[in-house]
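This report concerns only the one structure given below.
In full-length UniProt numbering, the protein residues as written are 1 to 592.
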C-alpha cells in the first residue's frame, strides 16, 4: 500500500469575513471594510454540489454619493447581531455614517441589503456577475451566458444566467426610491437614502420565479423580514450568563453550522448536508458522514429537534448505500473512495439521537445495509473491525484502530437497542456478541505497555505491531465520551498523560496552546482535537483555557491554528467543524 498523506496548505493571513443566508441561499464572504458581497451560492442536487455566482472582486459592491460626488469609506465597525446577522457601520469622508445589515428571509429564496444613513445620500449597488462555478470539493469555474431583462410584473431588472446544465435568475428591487442603469457586463442599482431603505434580491429557477419572489419580499417589507429573523434567532439563542465570551462563541458556531452545513435544493426542495457552503473551506460542497452525523447534527438538534429528525432520516436514506466511503457527493454517490470505519459507525451513533418510528421499515432497512457493509471488515481472530483510512482521511498504518472500534462499539449498542424494541431478539443477540468481542479485542490487541505503564495504542495489526499516535478528528480522549471507559480508568489516564507530554512528537511543550498536531497538519494544533479535549474530563479545564486563547477563524472553529497566536492555519469556513465546537461547548457548559 502507498501511504499517500494529503495535507492542506497553511494560510499566511486569515482575512475576516462576515456571512449571511438561509437554507436556500448562502452569502459566505461579506467584506468587513465596505460591506460588499463576494459571492452567492445555492444547492443543486442535479449538479452534485453548490452553484456559485461571484464577481472578480465582488458580486455586489455598494458605493455612496452625495450631490453627485463619490464618498470614500474612512473606517468600518462590525457587529454580529445574535451572533449571526452581519451589521457594518461605515464612516464616510464627509462625516456621515451608513449602517448596513444583510439578512435572508427565513423561508424564501431572497435576501435584504438594508441601509440606514445619518444624512441624505444615494447608494449605488454595482452588480458584477463575472464568474459561475460549481463548488464540490474544489471550485470548478464554468462557461456561462448572462442577460439583463426587465420583468413584466414590477418592471424590475432581472439577471438571467445560463450554462449547459444550470439556469437561474436574480431579480432586483427596493423598498422605495429605486432606479437602475444597465451597462455591458454589469448593472447598477440605485437607492435614495434618508434614514432607512433597502434593496431586495431574489433568486429562483427562472425570471418569473425570481420576480414573483421579489414581489413577495416587497409585500412583506424589510422591517417584518428583519423582525422575523431576529425573533427566530433570539428564540434559538443559548444564554450562558457565567461567561459572555463563551456564550457568543457557542452561538456563533451553532448558527454557522445550522445555516452553512445544511442546504435546501433549489430544484426539488430536498435537504442536503455538506461540509460547508463556504468556498473558504478547502473541501466545501461535499459530504462526510463523520462530519455531519457526529459533529453537525447534534448541534442542529440543539436548535430544532424536529428538523434534526427530518434531516437525519433523509441523510441516512441517501448516503447509506455507500456507507463508510471517505467522501460523498451531496446526492450520496462516491466522490472519494476509501473505507473509514468511524464514518460507517457514525450512522449508529446518529441513531441514538433520533426519534425513530419503529414502523419506518425504509430507515431500518438502510441501517441494516450499513451493518452488512461494516461486517465485511470484521476480523474473527481479534474480534475487531478493520479500516482503510483514519478519521483524518489518511491511510492507516495498521487496520485495527482503537477509536474507530470504540465508536463502532457504542454504535452497535444503539443498534442492538433498536433491534430489542423491534422484538428482533436473534439479531440483537448477534450484535451483542460483536459488542463483547470488540471490547475484549481492544484490551487484548490495543493496550500496550510504554515505560512500565499500560496505555491505549492508536492502532495495531493484531500480530504484535502497533502505532502510538493520536489523530485529532478521532482524539483518544473521546473514549470517555463514547462510554468505553471511565475518566478515572488508569489505562485511560496513562494514555492521555502520554500523548499530552514531550514524549509524543505532536505535542508542543513550549507552546501557549498545547493541543496536539498530527500527520495531516504537523506544525499546527487541531481545532477538532480541541473539541475532543473539551469532551474529556481530564483535559476539560485546560481545553477551555486554550479555547479562550485560540480565536481560530475569528470565533469559528478552524481545522488547525497557530500554537501561540491561536490564529487559523488550515480549514476556515468549516461549518460542520463549527457544529462540533458548538456541541462540545454546550455539553461542557450545560450537561457535564
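The C-beta atom is built at its ideal place from N, Cα and C for all residues, glycine as well.
Own chain, CB closer than 8 Å to residue i, minus 5 neighbours either side, in chain order
i, result
"residue 389", "326, 338, 339, 340, 395 and 396"
"residue 323", "289, 343, 344, 347, 369, 370, 373 and 374"
"residue 150", "156, 157 and 158"
"residue 385", "341, 374, 377, 378, 379, 400, 404, 405, 408 and 438"
"residue 564", "511, 512 and 513"
"residue 362", "317"
"residue 310", "271"
Burial state of residue i (16 or more Cβ within 10 Å)
i, result
"residue 4", "exposed"
"residue 33", "exposed"
"residue 126", "buried"
"residue 275", "buried"
"residue 219", "exposed"
"residue 423", "exposed"
"residue 39", "buried"
"residue 28", "buried"
"residue 181", "exposed"
"residue 559", "buried"
"residue 70", "exposed"
"residue 175", "buried"
"residue 381", "exposed"
"residue 533", "buried"
Cutoff 6 Å; reference residue i; Cβ partners in own chain excluding five residues on either side
i, result
"residue 589", "240"
"residue 580", "295 and 531"
"residue 99", "89 and 116"
"residue 119", "96"
Which residues DSSP lists as bridging residue i, in chain order
i, result
"residue 651", "The structure shown does not extend to residue 651, since the chain is modelled only from 1 to 592, so the question has no answer here."
"residue 86", "80"
"residue 179", "190"
"residue 162", "145 and 167"
"residue 101", "87 and 114"
"residue 198", "114"
"residue 472", "Per DSSP, none; premise fails for residue 472."
"residue 61", "126"
"residue 498", "Per DSSP, none; premise fails for residue 498."
"residue 400", "460"
"residue 21", "26"
"residue 121", "193"
"residue 393", "Paired residue(s): none; residue 393 is not in a bridge."
"residue 561", "568"
"residue 140", "134"
Cβ-based neighbour list, residue i, same chain, cut-off 7 Å, excluding 5 preceding and 5 following
i, result
"residue 567", "14, 551 and 561"
"residue 501", "507"
"residue 412", "348, 431, 434 and 435"
"residue 428", "416, 419 and 420"
"residue 210", "158, 169, 170, 171, 202, 203 and 204"
"residue 494", "453, 454 and 455"
"residue 234", "82"
"residue 268", "45"
Proximity below 7 Å, CB of residue i to CB of residue j
i, j, result
"residue 135", "residue 21", "no"
"residue 123", "residue 62", "yes"
"residue 252", "residue 83", "yes"
"residue 246", "residue 238", "no"
"residue 557", "residue 573", "no"
"residue 308", "residue 319", "no"
"residue 108", "residue 6", "no"
"residue 540", "residue 482", "no"
"residue 350", "residue 299", "no"
"residue 35", "residue 257", "no"
"residue 335", "residue 402", "no"
"residue 23", "residue 263", "yes"
"residue 315", "residue 273", "yes"
"residue 106", "residue 227", "no"
"residue 53", "residue 132", "yes"
"residue 144", "residue 163", "yes"
"residue 110", "residue 217", "yes"
"residue 283", "residue 137", "yes"
"residue 594", "residue 330", "Since the first residue shown for the chain is 1 and the last is 592, residue 594 is missing from the structure and cannot be characterised."
"residue 166", "residue 146", "no"
is_contact[residue i, chain C] using C-beta, thresh 7 Å
i, result
"residue 387", "Protein chains in the displayed structure number just one, and chain C is not present."
Inter-stretch contact at 8 Å, needing at least 3 Cβ pairs: the stretch 174–191 / the stretch 78–95 | Judged by Cβ distances under 8 Å, the stretch 174–191 makes no contact with the stretch 78–95, as fewer than three pairs qualify.
Give a yes or no on contact between the stretch 139–157 and the stretch 165–180, applying the rule of three or more CB pairs nearer than 8 Å.
-> By the Cβ criterion, the stretch 139–157 is in contact with the stretch 165–180, since at least three pairs of Cβ atoms, one from each stretch, lie closer than 8 Å.
Do the stretch 526–543 and the stretch 465–485 meet, that is, are 3 or more Cβ pairs less than 8 Å apart?
-> Yes, they touch.
Counting Cβ pairs, one atom from each stretch, are 3 or more of them under 8 Å apart for the stretch 401–409 and the stretch 436–456?
-> Enough Cβ pairs lie closer than 8 Å, so yes.
Quick one: any contact between the stretch 189–205 and the stretch 107–119, if contact means 3 or more CB pairs under 8 Å?
-> Enough Cβ pairs lie closer than 8 Å, so yes.
Quick check: the stretch 297–304 against the stretch 476–495, are there 3 or more CB pairs under 8 Å?
-> Counting C-beta pairs with one atom in each stretch, the stretch 297–304 and the stretch 476–495 have fewer than three that are closer than 8 Å, which means they do not touch.
Counting pairs of beta carbons, one from the stretch 37–44 and one from the stretch 262–282, are three or more of them closer than 8 Å?
-> Touching, yes, given that three or more Cβ pairs across the two stretches are closer than 8 Å.
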